[in-house]
Amino acid sequence: MEYFKNIIGQDKTINKLKKIIDSDNISHAYLFIGKSGIGKMLTARAFSNIIINKDDKSAQIYLKDNIHPDLLIIEKKDNKTVVTKEQITQELESWIAVKPYRAKRKIAIIRDSHLMSLEASNALLKTLEEPPPYASIILIADENNLLETIISRCQAIRFNSVTEDKIEAYLTNKLNNKENAPIIACLSQGSLANAIMLAEENKFEKLIQDTEEIIKALSKGQNIAIFEAAEKIEADIPLIASCIETILRDIYIYKKTQDEQIVLIKNSIKIAKQVPNLTLESMSKAINNINKLKRKTRNNINPMLIGINISYELFDAFIKKQ
Numbered sequence: 389m390e391y392f393k394n395i396i397g398q399d400k401t402i403n404k405l406k407k408i409i410d411s412d413n414i415s416h417a418y419l420f421i422g423k424s425g426i427g428k429m430l431t432a433r434a435f436s437n438i439i440i441n442k443d444d445k446s447a448q449i450y451l452k453d454n455i456h457p458d459l460l461i462i463e464k465k466d467n468k469t470v471v472t473k474e475q476i477t478q479e480l481e482s483w484i485a486v487k488p489y490r491a492k493r494k495i496a497i498i499r500d501s502h503l504m505s506l507e508a509s510n511a512l513l514k515t516l517e518e519p520p521p522y523a524s525i526i527l528i529a530d531e532n533n534l535l536e537t538i539i540s541r542c543q544a545i546r547f548n549s550v551t552e553d554k555i556e557a558y559l560t561n562k563l564n565n566k567e568n569a570p571i572i573a574c575l576s577q578g579s580l581a582n583a584i585m586l587a588e589e590n591k592f593e594k595l596i597q598d599t600e601e602i603i604k605a606l607s608k609g610q611n612i613a614i615f616e617a618a619e620k621i622e623a624d625i626p627l628i629a630s631c632i633e634t635i636l637r638d639i640y641i642y643k644k645t646q647d648e649q650i651v652l653i654k655n656s657i658k659i660a661k662q663v664p665n666l667t668l669e670s671m672s673k674a675i676n677n678i679n680k681l682k683r684k685t686r687n688n689i690n691p692m693l694i695g696i697n698i699s700y701e702l703f704d705a706f707i708k709k710q
């Protein structure tokens, strides 16, 4: 099925969806769940297109321009922080109440469904409890933050992080970025979208530069640097925290082995020489704690608070001596 050909690193999931399509046993609701940037939306579009195209041989003309009457995509508005109740009651409910126009099945995709307000979730629940036989709803979520009553009414389709080797191969073959591909693949945390973003427009170089500045500022041991660093980290906690971890890991390996060939980010060696008081023990502790703090972004904790805690962990690593 060529619709799935551009989806990287989700072979197991794609095979599962192909079996569903071949069986023609389409559920009324699916939950596509996994971290951001790994192909959930692309897969949902492909899955929907195949189903609609089976019954409407001219569908591709409409699907290409996003105007097929039997496909609805609901996304968070740019000026909103949530998917609102009105989007469910006014867009979805009125659309799903009408039978398909061209295909045999209507499909609605709700992107970032984990951002639905409580009111929107409750409104959606009513539709999921009494779904029309001709419609399917695909919820796309980065986290499992949906109501349990919604989750229980959906068939869960889990997406895995894309492996580093597949990301590296994609960057090398598709974007011709062989030199930085291994480092970008490492920093992208299994997200192909992150990798593509970093590979384009010198964003990778800027991320490294910003992270180095954070580390150098905190290494001076001045308390004010904690809050200044936290503001920078808050902008993209998973990515910047991952870069901090990578540089710390490089410094750790270099201090332990003195082997310059095995570090990922070459400037890490320069930083290592500038911070002789950074011990192996303090680095190991900082790497582990920063990794734990990075994961807290999934729990709707104040990003600035996480940024402060990450900054403090790094600050603490510099001021403690063996």
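With the sequence shown counted from 1, adding 388 to any position gets you my numbering. From the three backbone atoms N, C-alpha and C, an ideal C-beta is built for every residue, glycine too. In this text the structure is predicted, and so the values were computed from the model without any measurement.
N-terminal and C-terminal residue of the alpha helix (DSSP H) that residue i is part of
i                 : result
leucine 681       : 668 to 683
isoleucine 495    : Here isoleucine 495 belongs to no alpha helix (DSSP H); instead the beta strand (DSSP E) covers 494 to 498.
aspartate 399     : 399 to 411
phenylalanine 615 : 612 to 622
tyrosine 450      : 447 to 452
asparagine 655    : 655 to 662
glycine 609       : Neither: glycine 609 is in no alpha helix (DSSP H) and is coded neither H nor E.
asparagine 437    : 428 to 443
serine 699        : 691 to 707
arginine 637      : 625 to 645
Separation of residue j from residue i, as counted between CA atoms
i              : j              : result
isoleucine 455 : isoleucine 421 : 26 Å
asparagine 532 : serine 509     : 13 Å
glutamate 536  : leucine 419    : 12 Å
glutamate 619  : arginine 490   : 51 Å
valine 663     : glutamate 588  : 31 Å
glutamate 463  : isoleucine 632 : 32 Å
lysine 682     : isoleucine 603 : 17 Å
asparagine 676 : isoleucine 625 : 15 Å
lysine 428     : glycine 609    : 43 Å
methionine 692 : isoleucine 678 : 14 Å
aspartate 410  : alanine 569    : 37 Å
aspartate 412  : lysine 452     : 23 Å
lysine 465     : arginine 499   : 11 Å
histidine 416  : leucine 627    : 36 Å
asparagine 712 : leucine 405    : It is not possible to answer for residue 712, since the shown part of the chain is limited to 389 through 710.
isoleucine 539 : asparagine 611 : 45 Å
alanine 447    : alanine 583    : 32 Å
asparagine 690 : lysine 445     : 49 Å
Span of the beta strand (DSSP E) around residue i
i                 : result
phenylalanine 420 : 417 to 421
leucine 480       : No beta strand (DSSP E) contains leucine 480, which DSSP labels as neither H nor E.
isoleucine 462    : 459 to 462
8 Å Cβ shell around residue i - same chain, five flanking residues per side excluded
i              : result
isoleucine 414 : Ile408, Ile439, Arg493, Ser524
isoleucine 641 : Asp647, Ile650, Val651
threonine 515  : Ile476, Leu480, Glu481, Ile484, Ile525
threonine 401  : Thr431, Ile545, Arg546, Phe547, Asn548
leucine 534    : Leu419, Ser501, His502, Met504, Ser509, Leu527
lysine 684     : Ile694
serine 579     : Lys423, Ser424, Gly425, Ile426, Ser549, Val550
C-beta atoms of residue i and residue j nearer than 9 Å
i              : j              : result
glutamate 556  : alanine 573    : yes
alanine 496    : leucine 459    : yes
isoleucine 707 : tyrosine 558   : no
proline 520    : alanine 485    : yes
lysine 423     : glutamine 577  : yes
isoleucine 621 : isoleucine 694 : yes
alanine 511    : threonine 469  : no
isoleucine 635 : glutamate 600  : yes
alanine 705    : lysine 673     : yes
alanine 629    : glycine 425    : no
leucine 513    : arginine 541   : yes
Chain-order list of residues whose beta-carbon lies under 6 Å from that of residue i (same chain, five-residue window excluded)
i                 : result
phenylalanine 703 : Leu606, Ile614
aspartate 443     : Ala491, Lys492
proline 488       : Asp458, Lys494, Tyr522
methionine 504    : Val471
tyrosine 391      : Ala434, Asn437, Ile438
threonine 560     : Lys566, Ala569
tyrosine 450      : His456
asparagine 394    : none
glutamate 701     : Ala674, Asn677, Ile678
isoleucine 461    : Ile497
leucine 563       : Ala587
7 Å Cβ shell around residue i - same chain, five flanking residues per side excluded
i              : result
glutamine 710  : Reliability fails at glutamine 710, whose pLDDT of 41 lies under 50, so the model's placement of it is uncertain and the value that follows must be treated cautiously. Thr667, Glu669.
isoleucine 639 : Ser656, Ile659, Ala660, Leu666, Met671
asparagine 590 : none
leucine 586    : Ile572, Leu575, Ser576, Phe592, Leu595
lysine 554     : Ile396, Gly397
alanine 617    : Ile602, Ala605, Leu606, Ser699
lysine 643     : Ala660, Leu668
isoleucine 653 : Ile571, Ile596, Thr634, Ile635, Asp638
glutamate 552  : Ala573, Cys574
lysine 473     : Ser505, Glu507, Ala508, Ala511
asparagine 467 : none
Near the ligand ADP: residue i beta-carbon under 8 Å from a heavy atom
i           : result
proline 457 : Among the components of this structure there are no ligands whatsoever, and the ligand ADP is therefore not found.
Test: residue i CB closer than 9 Å to a CB of chain D
i          : result
lysine 494 : Although the question refers to chain D, the structure presented lacks it and comprises just one protein chain.
query = What beta strand (DSSP E) runs, 3 residues minimum, are completely inside the segment 513 to 592?
reply = List check, beta strand (DSSP E) in window: 523 to 529, 543 to 546.
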